[in-house]
Amino acid sequence: MTGTLVFEQLLNGLQYGVMLFLMAAGLTLVLGIMNMVNLAHGSLYMVGAYLAVAGTQWTGSYALGALIGFAGTLVVGMVVEVVALRALYQRDHLDQVLATFGLILFFNELVSMIWGRGSLYSALPAWLAGHVELFAGSRYPVYRLAVLGVGLLTAVILWYVVTRTRLGMLIRAGASNRTMVAALGVNIRLLYTVVFGFGAALAGLAGLMAGPIYAVQPGMGELILIQVFVVIVIGGIGSVRGALVGAIIVGVVDTLGRAFLKPLLATMLSPTAAEAAGPALASMLIYLLMAVVLAVKPAGLFQSR
Amino acid sequence: MRGKLFWIAAITVLAALPPVASALGEPFYIDLVRRIMILAIAAASLNLILGYGGMVSFGHAAYLGIGAYSVSILAFYGITSGWLQWAVAIGASALVALAIGAVSIRASGVYFIMITLAFTQMLYYLGISLEVFGGDDGMRLKAKSALPLVDLGDAVQFYYVALVLMITCVFIIFKITNSRFGMVLRASKSNEARSRAIGFSPYPYRLAAFVIAGAMCGLAGALYANHTNYIVPGFMSWVQSGDLMFMVILGGMGTTAGPMLGAFALLIVEEILKGWTEHWQLWLGPLLILSVLFFKRGLAGLLERRDA
Numbered sequence: 234m235t236g237t238l239v240f241e242q243l244l245n246g247l248q249y250g251v252m253l254f255l256m257a258a259g260l261t262l263v264l265g266i267m268n269m270v271n272l273a274h275g276s277l278y279m280v281g282a283y284l285a286v287a288g289t290q291w292t293g294s295y296a297l298g299a300l301i302g303f304a305g306t307l308v309v310g311m312v313v314e315v316v317a318l319r320a321l322y323q324r325d326h327l328d329q330v331l332a333t334f335g336l337i338l339f340f341n342e343l344v345s346m347i348w349g350r351g352s353l354y355s356a357l358p359a360w361l362a363g364h365v366e367l368f369a370g371s372r373y374p375v376y377r378l379a380v381l382g383v384g385l386l387t388a389v390i391l392w393y394v395v396t397r398t399r400l401g402m403l404i405r406a407g408a409s410n411r412t413m414v415a416a417l418g419v420n421i422r423l424l425y426t427v428v429f430g431f432g433a434a435l436a437g438l439a440g441l442m443a444g445p446i447y448a449v450q451p452g453m454g455e456l457i458l459i460q461v462f463v464v465i466v467i468g469g470i471g472s473v474r475g476a477l478v479g480a481i482i483v484g485v486v487d488t489l490g491r492a493f494l495k496p497l498l499a500t501m502l503s504p505t506a507a508e509a510a511g512p513a514l515a516s517m518l519i520y521l522l523m524a525v526v527l528a529v530k531p532a533g534l535f536q537s538r
Numbered sequence: 011m012r013g014k015l016f017w018i019a020a021i022t023v024l025a026a027l028p029p030v031a032s033a034l035g036e037p038f039y040i041d042l043v044r045r046i047m048i049l050a051i052a053a054a055s056l057n058l059i060l061g062y063g064g065m066v067s068f069g070h071a072a073y074l075g076i077g078a079y080s081v082s083i084l085a086f087y088g089i090t091s092g093w094l095q096w097a098v099a100i101g102a103s104a105l106v107a108l109a110i111g112a113v114s115i116r117a118s119g120v121y122f123i124m125i126t127l128a129f130t131q132m133l134y135y136l137g138i139s140l141e142v143f144g145g146d147d148g149m150r151l152k153a154k155s156a157l158p159l160v161d162l163g164d165a166v167q168f169y170y171v172a173l174v175l176m177i178t179c180v181f182i183i184f185k186i187t188n189s190r191f192g193m194v195l196r197a198s199k200s201n202e203a204r205s206r207a208i209g210f211s212p213y214p215y216r217l218a219a220f221v222i223a224g225a226m227c228g229l230a231g232a233l234y235a236n237h238t239n240y241i242v243p244g245f246m247s248w249v250q251s252g253d254l255m256f257m258v259i260l261g262g263m264g265t266t267a268g269p270m271l272g273a274f275a276l277l278i279v280e281e282i283l284k285g286w287t288e289h290w291q292l293w294l295g296p297l298l299i300l301s302v303l304f305f306k307r308g309l310a311g312l313l314e315r316r317d318a
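Each protein sequence line maps, in turn, to chains A and B.
Once you know that position 34 of the first sequence is 267 in this note's numbering, the rest is easy, because the numbers rise by one and skip nothing.
Once you know that position 170 of the second sequence is 180 in this note's numbering, the rest is easy, because the numbers rise by one and skip nothing.
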């Protein structure tokens with residue numbers, strides 16, 4: 234029984250981890266290559282989730298809705314890059330933080346104007362709604378397994394693109410020395426737009442997959458964004474590998490902490506103390522982890538430059 | 011000279027506001043300006059590290075929250091002495107700033123931004139998970155801080171307390187930034203390598219500034235709790251941190267009057283937009299983006315020559 238529970242929570246943690254990874258991969262590339270802090274990355278996640286829900290309701294098909302969410306976020310991301318963010322690449326981090334903070338306010342309000350302030354929940358089609366028996370006595374939701382699968386598949390594709398293709402070579406080169414890449418005749422502007430759109434689409438993918446699990450509501454992007462920052466700080470800026478490792482660590486630690494810290498404390502403290510301290514400590518766990526990593530490795534586990 | 015005239019004019023207008031507002035039957039403005047002045051203290055403290063120290067802290071709201079929670083928690087247990095409450099608010103904020111600063115100042119640039127943001131978010135979640143103190147819903151302040159001579163329950167008296175404290179804090183920041191300590195802090199912002207070369211290690215100076223800023227913001231939090239009468243974890247949210255940053259930028263980074271001007275400008279614009287449309291953030295967001303892109307020097311830039 235306990236073994237099953239731990240295994241299920243571990244899977245939940247992995248599933249949350251791959252979603253964090255989808256977010257972190259785009260953000261860390263944008264940070265690494267363009268040296269750009271984009272707080273609005275969480276807004277793209279939210280846009281992906283909303284477009285997918287709206288698309289599903291409109292077309293009546295979950296798959297089509299997901300496609301609309303993915304493609305829609307890609308387009309929104311590229312438009313945002315061209316309209317607002319391009320002017321910020323040459324500015325310092327402070328300006329980038331403030332301007333993208335303004336973007337967040339804009340997007341949150343826009344979304345609540347169109348879809349209201351309440352939460353939306355998206356229904357799953359029959360082929361994703363069931364449970365699967367992993368082994369005797371354990372029923373795990375198919376959808377969460379699907380999320381895990383898509384996330385891992387994306388990680389593999391991303392690994393292939395970054396390490397084995399020409400685009401990936403440019404991305405890596407851009408992360409280590411962008412002036413040199415520009416000097417070698419690469420259209421750095423186009424590369425930026427492509428990378429940004431790429432990252433936006435990944436955020437949209439994370440968002441549309443989050444829809445059926447978490448509530449779709451204005452401000453949902455910021456909740457995950459700050460955890461993604463923790464992932465990037467742990468993994469190291471600009472490193473996709475670091476983003477993957479960091480995301481899995483944060484996802485698993487956060488999920489297991491929330492599930493087991495309270496009962497674990499209850500074995501050591503009085504039940505009332507555990508009742509009070511458990512949730513508090515669980516919600517602080519990943520930030521404490523970040524502090525420890527920083528103390529040991531100030532530039533993250535996988536430093537890219 | 012212009013600077014001196016500005017201060018005389020500003021203080022005169024602020025001091026004259028309560029009788030004028032009462033005479034016009036608009037006590038709302040006393041409330042609004044009091045809130046602005048309290049947040050101006052928080053912005054002024056952020057300016058010390060952001061404007062003069064070059065540390066882009068995206069987590070300054072943490073200390074606003076700690077100050078507010080200190081007052082409120084003490085009041086919850088029946089301790090209403092204002093001196094004690096405010097001392098605890100300042101002390102607790104300073105301690106937390108010491109802990110957060112010690113870890114985050116070692117990092118720089120983007121890391122510093124993300125780390126300060128993450129730690130503040132941690133405190134925000136801590137506030138949410140403290141069921142005893144209202145959790146997500148927050149808690150009502152049981153009684154206002156009891157001070158000798160003044161009664162914070164009286165809107166006008168509280169207004170003048172906030173005014174005096176704001177002027178005092180702005181003056182303290184002014185003194186600090188023009189002291190030897192402040193010079194080292196500013197030198198390590200404008201050229202870290204050179205200030206190292208002449209024998210200053212920036213770390214202790216930055217950490218000290220970080221702690222002073224946190225402590226002062228804790229005082230703002232103590233006042234803010236008395237102002238709102240209701241304490242929510244939202245005081246520590248990243249939106250509040252962002253607002254404080256905007257006040258500093260809008261007013262002018264690294265200027266004495268800037269944070270105050272920025273607090274007035276931002277909150278008054280917010281108030282106007284709120285009166286105009288329910289979806290005020292839809293307009294505020296792009297306005298903020300435009301101000302970042304095209305109004306870099308801030309309001310104080312119109313007033314005084316920039317020291318940087």
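Ideal Cβ positions, reconstructed from N, Cα and C, are used throughout, including at glycine.
In the DSSP assignment, Arg372 of chain A falls within the unbroken beta strand (DSSP E) covering Arg372 to Pro374. By a beta-carbon distance limit of 8 Å, Ile459 of chain A contacts Ala128 of chain B. Their separation comes to about 6 Å. Counting the other CB atoms within 10 Å of its CB gives Phe462 of chain A a total of 16 or more, which places it among the buried residues.
Distance between Gly209 of chain B and Asp325 of chain A, taken at the CA atoms: about 27 Å.
Inclusion of Leu298 of chain B and Leu343 of chain A in the CB contact set at 9 Å is not warranted, their separation being larger than that value. Residue pairing by DSSP places His364 of chain A opposite A:Pro374 in a beta bridge. According to the DSSP assignment, Tyr121 of chain B belongs to the alpha helix (DSSP H) that extends over Gly119 to Ser139.
One Cα belongs to Leu321 of chain A, the other to Phe256 of chain B, and the distance between them is close to 17 Å.
By the Cβ neighbour-count rule, Leu386 of chain A is exposed, with fewer than 16 other Cβ atoms within 10 Å of its own. Within chain A, the residues whose beta carbon sits less than 8 Å from that of Leu136 of chain B are Ala513, Ser516 and Met517, listed in sequence order. Annotated three-state conformation of Ala448 of chain A is coil, per DSSP.
Judged by their CB atoms, Ala436 of chain A and Met256 of chain A are nearer to each other than the 9 Å cut-off.
DSSP, reduced to helix, strand and coil, places Ile470 of chain A outside both helices and strands of the structure shown, so it counts as coil.
Arg324 of chain A belongs to the set of residues whose beta carbon lies under 9 Å from a beta carbon in chain B. Around the beta carbon of Trp96 of chain B, 16 or more other beta carbons lie within 10 angstroms, which makes this residue buried. Look at Arg350 of chain A here: in three-state DSSP terms it is coil, with no helix or strand label. Among the CB atoms of chain B, none fall inside 9 Å of the CB of Gly432 of chain A. Residues of the segment 238-252 of chain B whose Cβ lies closer than 7 Å to any Cβ of chain A, in chain order: Trp248 and Gly252. With respect to the 9 Å criterion, Pro243 of chain B and Gly75 of chain B are classified as neighbours on the basis of their beta carbons.
DSSP, read as helix, strand or coil, puts Arg150 of chain B in strand. Assigned with DSSP and collapsed to three states, Ser276 of chain A falls in helix. DSSP places Ser91 of chain B in the strand class (E or B) of the three-state scheme. Within 10 angstroms of the beta-carbon of His364 of chain A lie fewer than 16 other beta-carbons, which makes it exposed. For Phe462 of chain A, the chain B residues whose C-beta falls within less than 7 Å of its own C-beta are Met124, Leu127 and Ala128, listed in chain order. Residues of the segment 139-159 of chain B with a C-beta atom less than 8 Å from some C-beta of chain A are Ser139, Leu140, Glu141 and Val142, listed in chain order.
Three or more Cβ pairs closer than 8 Å define a contact, and the segment 276-292 of chain A meets that threshold against the segment 352-359 of chain A. Between the C-alpha atoms of Tyr234 of chain B and Gly407 of chain A there is a straight-line separation of about 47 Å. Taken through DSSP and simplified to helix, strand or coil, Ile208 of chain B comes out as coil. Not a single CB atom of chain B sits nearer than 9 Å to the CB of Ala258 of chain A.
Judged by their CB atoms, Val249 of chain B and Ala53 of chain B are not nearer to each other than the 9 Å cut-off.
With respect to the C-alpha of Ala258 of chain A, the residue from A:Ala282, A:Val428, A:Ala507 and A:Ala476 having the closest C-alpha is A:Ala476. Contact of Asn341 of chain A with chain B by beta-carbon distance below 8 Å involves Gln291.
Three or more pairs of CB atoms, one per stretch, sit closer than 8 Å, so the segment 419-437 of chain A contacts the segment 297-311 of chain A. Ala207 of chain B and Ala230 of chain B have their C-alpha atoms some 37 Å from each other. Within the segment 371-427 of chain A, the runs of beta strand (DSSP E) that reach at least 3 residues and sit entirely inside it are, in chain order, 372-374. For Phe168 of chain B, the enclosing alpha helix (DSSP H) stretches over residues Ala165 to Thr187.
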